[in-house]
Structure formats: C-alpha cells, structure tokens
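Mapped onto our numbering, the consecutive letters of the sequence shown carry residue numbers 697 to 1150.
Structure first, then comments.
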Amino acid sequence: MHRSIPATLALVLSVAAVSAQQPSSTDRDAMLRGIDAKREKYAGVAKEIWGFAEVGFQELKSSALLQQQLKAAGFNVTAGVAGMPTAFVATFGSGKPVIGIVGEFDALPGLSQEAQTPNHHAIEDGTPGHGCGHNLLGTGSLAAAVAVKEWLAAGHPGTLRYYGTPAEEGGAGKVYMVREGLFKDVDAVVAWHPGDRNDASPATNLAVINAKFRFHGIAAHAAAAPQRGRSALDAVEAMDYMVNMMREHVPQETRIHYIITRGGAAPNIVPDFAESYYYARHPDMRVLDGIWDRIVDAAKGAALGTGTTMDFEIDGAAFNVLPNETLGRVMYSNLERVGGFTYTPAEIKFAEELRKTLTDPPDVQIGSQEKVQPMRLGAVGGASTDLADVSWNVPTVQVVAATFVPGVPAHSWQATACAGGTIGVKGMMVAAKTMALTTVDLFTDPALIQKAKA
Ligand SMILES: [Zn+2]
C-alpha cells in the first residue's frame, strides 16, 4: 500500500482513464439535482430512524424502513443475511463491475437527547440515542444508492449493492457478512461516516477486541459469614487493577477501557457473580493480539487470587482500516466538487450554544463546515469500525461529512442533538452526493478499479 507509481506507468494509467467511458458532466449534474429533489424525503427517513433509536442487532424498524425504501426504488432485497435478522443486501443491475455502498443504522445506549437542543435534555432518561449519527449514515447511503441506481437504469452496465449492516457499535455486523462471503465478488466499496468536518483523507484507525469477563464466586452473608464467601466483585476489581498497572507497559497508542456491567446484588451479600466489559484497541491488530492475551492473563490471575472462576466471551472485534489512497483521491475530488454548506442564523445560534457545553473542543471552528479539509495521507483515526474488515477484502473508500457542529465528538448527547436536526441532514446530503459521484466513477472507469485493487 502507498507504493508510488513509476512515472511511465502513471502516464499509461492516466491515458487509460481518459479513454474509458466517462459520464458527462450533465449526467452528473442531473444526478446531483435528483438527490436534492428528494431531500425532504431523505430528511424524513433519517428522522424516523433517529426516533426509533434501536441499538445493535435490534434495529428491526430501522432496517425494515431502509429495505422498504430500496424495494420501492427497484432494488431486490435479501433480508436476514449472515444469520442476523436486521442485516440485508439490496441489489440492482447485473454483471461487472459490482460496487457496494454500505449503510449502518444502530443507535447507542444511554444517549437519548432532544434534536437540535443545545442543553442536555434526554427525550427519555437512559434510553438509546443516535450519538454516532448512524440514522444519517444509513439514509445518506440510501440516497446515494438510489441516485446511482437511476443512473444505471439509464443504460449503464454493472451491479450495485446496498449493504444494510447491523450493530456497527460493538457487534461488528460487517465481520459476519464478510465471513459469509457476501463481499466476495465486490470490486469496490463506498462508505461514509458522520463527523464534525468534511474530510476524505484515506485514514486508518484502531483495531479493536471487546469481551465480557464473567467471574463466579460463592455468596455468603457479608457480615455474619464473610469467610465462607468468595467475591466475584473482588475478582473484577483485581483484574481492573492489574490491567490499569499494565497501561504503563503497553505501546503508547494502546487504548483500554471498561465498565462494570454486574457488580453484585446488595452490599450485605458477597457477590457470587460479577462481570466487566472490556474494549482494547491498537492501530495494528497483530500488536493488539498480544496485548489482549495479557488482559486475559490478568483475568485468569484475578480469578486465581480471589478463589473464583472466570470465563469470557468475545462479542466483537475488527481490524484497523486498510486505507486506499487511489480511491481516497477520487473521493476527495468529488467532495471538493460537492463542497460544504452554510448554517442559517438559527443553526449558528444553536451551534454557538452547543459549543459552550463541550470540554476541550479541538481547533475546528463554526464555519469550517463550509469547507473541505485538505487531504492528508497517513492519518490514524482514534476510533474503530467493522468497515475495516471489509477494507482488507475489497478496496474500500470513506468520506466524512460535517453532520455534527464543529468540535462535537461522536458518542455524545451533543452528537445525538445534531443527528436529529437540520445540520445533520445538510451533512448527510454532502455525503450522499460525494458517494454517488464516486460510485459512478467506479462504474465508468475499469482502470480505476484495477489501480485500487493493486
Ligand atoms: Zn459510527
């Protein structure tokens, strides 16, 4: 990856690109206008999914709504793929090339928040919310897919697929879909993610492994007979302590975080069951594997030392993204063509108020959503995605659009507030158009696919 191309070969490639059948700019303009014409409809779909706020693998209504939209647009939908009721593949067209567009639609626990409201106010305390904007993600991808489908239907060869991928947050639905072979014949995959800026830099990110560690002890009266008990909560705490000391002795880029999901029933009962939920991350899965073994050893040691037993269940894992510079450059030029967007006075007021609630916001200001971030190579994002496992099998390209007020981090109530409002929709439209243009490029330029695969 990132090998530079010799000048002579680059010349051959650029000549090939010119001679390939290129969509006329009127084609493209018509496609962009088509997306704009359906703006209110897509805003409605995104808002409905935002309202459903269904967490991973439980996205029954969200998945059904997207399937229904795709069927109505003329796609063939196969639902319940790879053993997951909410996973689906929608197909249009036939033959080569096969281009995939990826959609997500799961919410996050506990991030309920009223739309476009600049103070923390849950619709219902403790319930899920779209704090990663996946309501926009699934709908923006729908908008791109429908626009490209209309372009294909006008007489272009090839197969377009929309992948409805559940449980991006923790459940890694795409990993199961890749394992099922659903991406086997795909030539390239186009995706996006909501963010606080417009950016098409081909970035990698962090590989992740997550698991629940379960400790089993012996219950006893905590005052009358503590000597007869063996505390599962002690084991959880001992494990956490060891892992927290380990932080000093792992590579700097490592991220380890946990919550205690079960800590006992009452203080006067020695807990006979306790559970912690761990995520560990590193930019290289091979390094992470070794760190993970040490975390498991800490759990084993904690069980041994507290007289309890331990088992653990890995409930998700994903590689670090393999970025594709060739496709990244195409996505970037299309993002520049589409451009950013302005806020209305009401949106500016909301954005200013919302920014006051942020801790240590990064140096990205209101107004930056009007621009496109310059393309950077070699960037490493701080999060993880199951799209990474797709990227190691099929050339994959992503764009980030400014659906959140500049400075707003994902996985926050502030992000939920943006994802349910007009700013979210504006960012979603940027992504939809950029992805549609990029997908059409892939359909019309076989040399581009070859270069991306190389
Ligand atoms: Zn996300």
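Quick reminder that beta carbons are idealized off the backbone N, C-alpha and C, glycines included.
Does the Cβ-Cβ distance between residue i and residue j come in under 8 Å?
i	j	result
GLN763	PHE784	yes
VAL1093	THR1134	yes
GLY1036	VAL1068	yes
SER1064	PRO1105	no
ALA928	GLY913	yes
PRO890	LEU833	yes
MET780	GLY869	yes
ALA786	TYR858	yes
VAL886	ILE955	no
GLY799	GLY860	yes
ASN894	VAL1096	yes
PRO793	ASP883	yes
GLY867	PHE748	no
GLU1048	ILE1119	no
TRP1088	PHE969	no
ARG990	MET941	no
Helix, strand or coil: which one does DSSP assign to residue i?
i	result
MET941	helix
ILE1145	helix
SER890	Just to set this straight, residue 890 is Pro in the shown sequence, not Ser. Strand.
VAL1076	strand
LEU856	strand
ASP821	coil
HIS826	coil
PHE1139	helix
THR1130	helix
MET1071	coil
ASP883	coil
LEU1054	coil
THR971	According to the sequence shown, residue 971 is Glu rather than Thr. Strand, per DSSP.
ASN772	strand
VAL1086	helix
ASP980	coil
MET1006	strand
ILE701	Because ILE701 sits at a pLDDT of 37, beneath the cut-off of 50, its placement in the model cannot be relied upon, and the following sentence gives the value as read from the coordinates. Here ILE701 sits in coil by DSSP.
ARG951	strand
ALA713	Residue placement at ALA713 cannot be trusted, given a pLDDT of 41 that sits under 50; the coordinates are not used to answer.
ALA749	coil
ALA1150	coil
ASN815	coil
ALA706	For ALA706, the predicted model reports a pLDDT of 38, less than 50, meaning its position is unreliable; a value from the coordinates is still stated below. In the structure shown, ALA706 sits in a helix (DSSP, three-state: H, G or I).
GLY866	coil
LEU1031	helix
THR900	strand
PRO895	Just to set this straight, residue 895 is Asp in the shown sequence, not Pro. Note: ASP895 maps to strand in three-state DSSP.
PHE1046	helix
Considering only DSSP beta bridges, list what residue i is partnered with.
i	result
ALA1013	ILE905
HIS917	ILE965
ALA1097	PRO890
GLY1117	Bridge partners of GLY1117: none, in fact.
VAL798	TYR859
ILE731	Partner(s): none; ILE731 has no beta bridge.
VAL785	THR774, TYR859
ALA803	VAL751
PHE1037	None; PHE1037 has no bridge partner.
THR1092	VAL885
ILE956	SER972
Report the residue from the options whose alpha carbon sits nearest the alpha carbon of residue i.
i	options	result
ILE745	VAL992, HIS978, ALA811, GLY891	ALA811
LEU1018	LYS996, LEU1054, PRO979, GLU1009	PRO979
PRO805	ALA961, GLU820, LYS792	GLU820
PHE788	GLY836, ARG943, ALA849	ALA849
ALA931	ALA995, TYR974, ALA1128, GLY740	ALA995
GLU1032	ASP1059, VAL1126, ASN815, TRP1109	VAL1126
GLY997	ASP1007, PRO853, MET935, ALA769	MET935
TYR973	ILE1010, LEU1054, GLY986	ILE1010
GLU971	LEU761, GLY959, PRO947, PHE879	GLY959
MET1124	PRO814, ASN1020, PHE1100	PHE1100
ALA921	GLY776, PRO967, ALA896, ALA1132	PRO967
ALA1115	CYS828, VAL751, ALA863, THR1004	CYS828
VAL1136	TRP847, VAL773, PHE1008	TRP847
PRO906	THR1112, THR1081, GLN1146, SER720	Per the sequence shown, the amino acid found at residue 906 is Asn instead of Pro. Here the closest residue by C-alpha is THR1081.
ARG729	HIS1107, PHE753, VAL844, TYR872	VAL844
PRO1091	GLN1110, THR1140, HIS852, GLU1021	GLU1021
MET981	ALA961, ARG951, ALA999, VAL874	ARG951
LEU1050	ALA896, PRO814, ALA818, SER721	PRO814
SER721	ASN1030, VAL1076, LEU1023	ASN1030
HIS953	TYR1028, HIS945, VAL946, TYR975	TYR975
Strictly under 8 Å for the Cβ-Cβ distance: is residue i near chain C by that measure?
i	result
ALA1150	Absent from the structure: chain C. Only one protein chain is present.
I believe residue i touches residue j by the beta-carbon criterion, under 8 Å. Please report the beta-carbon distance rounded to the nearest angstrom.
i	j	result
VAL741	LEU838	7 Å
ALA1128	LEU1023	Incorrect: roughly 17 Å between the Cβ atoms, too far for contact.
GLU755	PHE801	5 Å
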